[in-house]
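For what it's worth, the working numbering labels the leading residue of the sequence shown as 85, then goes sequentially.
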Amino acid sequence: MEVTVNKSKIVLVQGDITTQATQAIVNAANTRLAGGGGVDGAIHSAGGPTIMAECRKIGGCPTGDAVITTGGTLKAKYVIHAVGPIYRGGTQGEEKLLASAYRKSLELAAVKGIHSISFPSISTGAYNYPIRQAARIALATAVDYLTEHSQIELVRFVLFGAVDLEVYEAALKDLTK
Ligand code: AR6
Numbered sequence: 085m086e087v088t089v090n091k092s093k094i095v096l097v098q099g100d101i102t103t104q105a106t107q108a109i110v111n112a113a114n115t116r117l118a119g120g121g122g123v124d125g126a127i128h129s130a131g132g133p134t135i136m137a138e139c140r141k142i143g144g145c146p147t148g149d150a151v152i153t154t155g156g157t158l159k160a161k162y163v164i165h166a167v168g169p170i171y172r173g174g175t176q177g178e179e180k181l182l183a184s185a186y187r188k189s190l191e192l193a194a195v196k197g198i199h200s201i202s203f204p205s206i207s208t209g210a211y212n213y214p215i216r217q218a219a220r221i222a223l224a225t226a227v228d229y230l231t232e233h234s235q236i237e238l239v240r241f242v243l244f245g246a247v248d249l250e251v252y253e254a255a256l257k258d259l260t261k
């Protein structure tokens, strides 16, 4: 599914984020930038050890924020490591923190002159964020950002499973109707 927002496109696909050829891909990282499972494990194993070496130098990243490294051996030139919240029932500021992780990633991409970026569904795996709510927050943040800024021409959401893709499609239809 694809929608145009202002001068840019939001595209939803099912796939593996590590194979995307956008200029940047976003990692669902943790505050220590220590690597792990899920998207994080997949990106570090596909991109090689230089990404972790850069993460160690940076040292860490607060929840709701993002940092950038090169893409190592990935097709993407950059990896933006965003830290989403661990879902603890929704009363711990999770919604703002998740929106912030997306917004900060887009802002960092713009600072680096990036025109195309791929996101995974941050926080909806190990961090347990309910995907319907997370999809709405992710997509609303992208729509709001692209309405105000036109440098980033393509924002692609790469959903691992078919059901996740359906949830994102329903949320995007709802937001743009
Ligand atoms: N491409 C796209 N999506 C993927 C891929 C992939 N290769 N692999 C998994 N997903 P998660 P989180 C989906 O757990 O919830 C790590 O250990 C997955 O199905 O990767 O933010 C970090 O180090 C799910 O929908 O990220 C942190 O400690 C989504 O990506 C912690 O997990 C996010 O799942 C972060 O947890």
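The beta carbon of each residue, even a glycine, is placed where N, CA and C say it ideally should be.
Notebook entry, point to check: By Cβ distance, which residues of its chain are closer than 7 angstroms to Val95, with the 5 residues on each side in sequence left out?
Noted result: Glu86, Leu238, Arg240
Simplified DSSP assignment, three categories, for Arg172 = coil
Self-check item: Own chain partners of Ser200 with C-beta closer than 6 angstroms, once the 5 adjacent residues on each side are dropped
Solution: For Ser200, same chain residues with a beta-carbon under 6 angstroms away, outside a window of 5 residues either side, are Thr106, Gln107, Leu238 in chain order.
Proximal residues to Ile127 (C-beta, below 8 angstroms), its chain only, five neighbours per side dropped: Ile101, Thr102, Ile109, Asn111, Ile135, Leu158, Val163
Quick check on Pro169 - is its C-beta less than 8 angstroms from some C-beta in chain D? Among the protein chains of the structure shown there is no chain D, as only one such chain exists.
- Query: What do you get for Thr225, buried or exposed, if any count of 16 or more other CB atoms within 10 angstroms of its CB means buried?
  - Reply: buried
Exercise. Run the proximity test for Ile201: is its beta-carbon closer than 7 angstroms to any non-hydrogen atom belonging to the ligand AR6?
Key: Using a cutoff of 7 angstroms, the CB of Ile201 does not count as near the ligand AR6, since none of the ligand's heavy atoms is closer than that.
With 16 other CB atoms within 10 Å as the buried threshold, where does Thr153 fall? buried
| query | Grouping DSSP H, G and I as helix and E and B as strand, with all else coil, what is Thr260? | reply | helix
Check your understanding: Can you tell me the Cα-Cα spacing of Gly122 and Gly209, whole angstroms?
Key -> 7 angstroms
**Item:** Cα-Cα separation, Glu232 to Leu190
**Value:** When only Cα atoms are considered, Glu232 and Leu190 end up about 12 angstroms apart.
Note to self: Closer than 7 angstroms to a non-hydrogen atom of the ligand AR6 - does that hold for the CB of Ala126?
What the structure shows: yes
Would Ile168 and Ala193 qualify as a contact pair, given that the criterion is a beta-carbon distance under 8 angstroms? With the sequence shown as reference, residue 168 is identified as Gly, and Ile is not the correct amino acid for it. No. Outside cutoff.
- Query: If you count every other CB in all the chains shown that lies within 10 Å of the CB of Thr175, and 16 or more means buried, which is it?
  - Reply: exposed
Do the CB positions of Ala166 and Ala113 come within less than 8 angstroms of each other? yes
Integer-rounded CB distance, given that Lys188 should sit under 8 angstroms from Ala150: The Cβ separation is near 4 angstroms, so the contact holds.
**Prompt:** Just how far apart, CA to CA, sit Leu206 and Val247?
**Reply:** Per the sequence shown, the amino acid found at residue 206 is Ile instead of Leu. About 16 angstroms.
* Asked: From which residue to which residue does the beta strand (DSSP E) around Val110 run?
  -> 108-112
*Can you tell me whether DSSP reads Tyr162 as helix, strand or coil?*
strand
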